[in-house]
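Below: one structure, written as structure tokens.
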Ligand code: AMP
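Numbering (our numbering), first residue to last: 28 to 217.
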């Protein structure tokens, strides 16, 4: 199995790039944000719970998120591996993913971070909010809160994965094609 964590701040382009990479490498693309939004749309219990956090730009609690992620992995075991988009976002999630993958005799093969400046990303999200219909993209306060969550809870994962020797940073500014090329170069060299 090849398991890639696509890492980056909100708006860095993880979802856009995942669309290309999943086809090229035959990976299952698991976006926890998308799975939560699917549950919100279908008004499930999980969706109702997640919405109360997402609408404020807060992270959904680890236990709920990890259980959902594991269920999604279990139902997508027919591919070459996984492209994790938006997970893990805390150290506890990273540990849970490690423990879970070990039960499949597998590991996180690589963590690839899409890097971009905060101010560019905030503007990008506000722009996206005009068409995405996402409440968390439409209000600058909420967007800033998502960055605060990222800085406090998610940024420490960079050191965590660096210490494991599988962290790669890629410049996330450029055309979609340029960024895809940078990512494939990293993946092809794994
Ligand atoms: P995203 O689509 O990845 O930007 O995620 C949108 C929102 O979903 C986040 O702001 C969180 O509220 C929630 N979310 C997505 N993934 C996670 C995660 N791994 N842990 C906690 N909350 C998450």
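All C-beta atoms, glycine included, are put in the ideal place defined by N, C-alpha and C.
Between the Cα of residue i and those of the options, spot the shortest distance and give me the residue it belongs to.
| i | options | result |
| --- | --- | --- |
| residue 215 | 77, 139, 65, 79 | 139 |
| residue 168 | 158, 159, 179, 153 | 153 |
| residue 116 | 106, 101, 86, 109 | 86 |
| residue 97 | 74, 78, 57, 136 | 57 |
| residue 111 | 43, 186, 157 | 43 |
| residue 144 | 217, 67, 197 | 197 |
| residue 5 | 99, 172, 29, 185 | There is simply no residue 5 to check, as the chain begins at 28 and stops at 217 in what is shown. |
| residue 182 | 30, 37, 29 | 37 |
| residue 52 | 177, 32, 108, 189 | 108 |
| residue 194 | 92, 210, 62 | 210 |
| residue 122 | 72, 191, 212 | 191 |
| residue 120 | 99, 91, 64 | 91 |
| residue 48 | 60, 62, 32 | 32 |
| residue 201 | 62, 147, 28, 163 | 147 |
| residue 103 | 88, 28, 203, 205 | 28 |
Between which two residues does the alpha helix (DSSP H) holding residue i run?
| i | result |
| --- | --- |
| residue 130 | Note, residue 130: premise wrong, no alpha helix (DSSP H); not H, not E. |
| residue 213 | 203 to 215 |
| residue 77 | 72 to 81 |
| residue 59 | 59 to 68 |
| residue 146 | 145 to 159 |
| residue 185 | 183 to 190 |
What did DSSP end up calling residue i once you bin it into helix, strand or coil?
| i | result |
| --- | --- |
| residue 39 | coil |
| residue 197 | strand |
| residue 172 | helix |
| residue 85 | coil |
| residue 123 | helix |
| residue 163 | helix |
| residue 30 | strand |
| residue 104 | coil |
| residue 110 | strand |
What residue does the beta strand (DSSP E) around residue i start on, and which one ends it?
| i | result |
| --- | --- |
| residue 99 | It is not in any beta strand (DSSP E) - residue 99 instead sits in the alpha helix (DSSP H) that spans 89 to 101. |
| residue 142 | 137 to 142 |
Confirm the yes/no value for this check: CB of residue i, any heavy atom of the ligand AMP, distance under 6 Å.
| i | result |
| --- | --- |
| residue 34 | no |
| residue 87 | yes |
| residue 173 | yes |
| residue 114 | yes |
| residue 37 | yes |
| residue 95 | no |
| residue 111 | no |
| residue 40 | no |
| residue 63 | yes |
| residue 187 | no |
| residue 177 | no |
| residue 81 | yes |
Assuming the contact rule is C-beta atoms closer than 8 Å, residue i and residue j should be a hit. Round their C-beta distance to whole Å, please.
| i | j | result |
| --- | --- | --- |
| residue 106 | residue 55 | 4 Å |
| residue 41 | residue 113 | 7 Å |
| residue 30 | residue 135 | 5 Å |
| residue 60 | residue 173 | That belief does not hold up - the Cβ atoms of residue 60 and residue 173 are roughly 11 Å apart, past 8 Å. |
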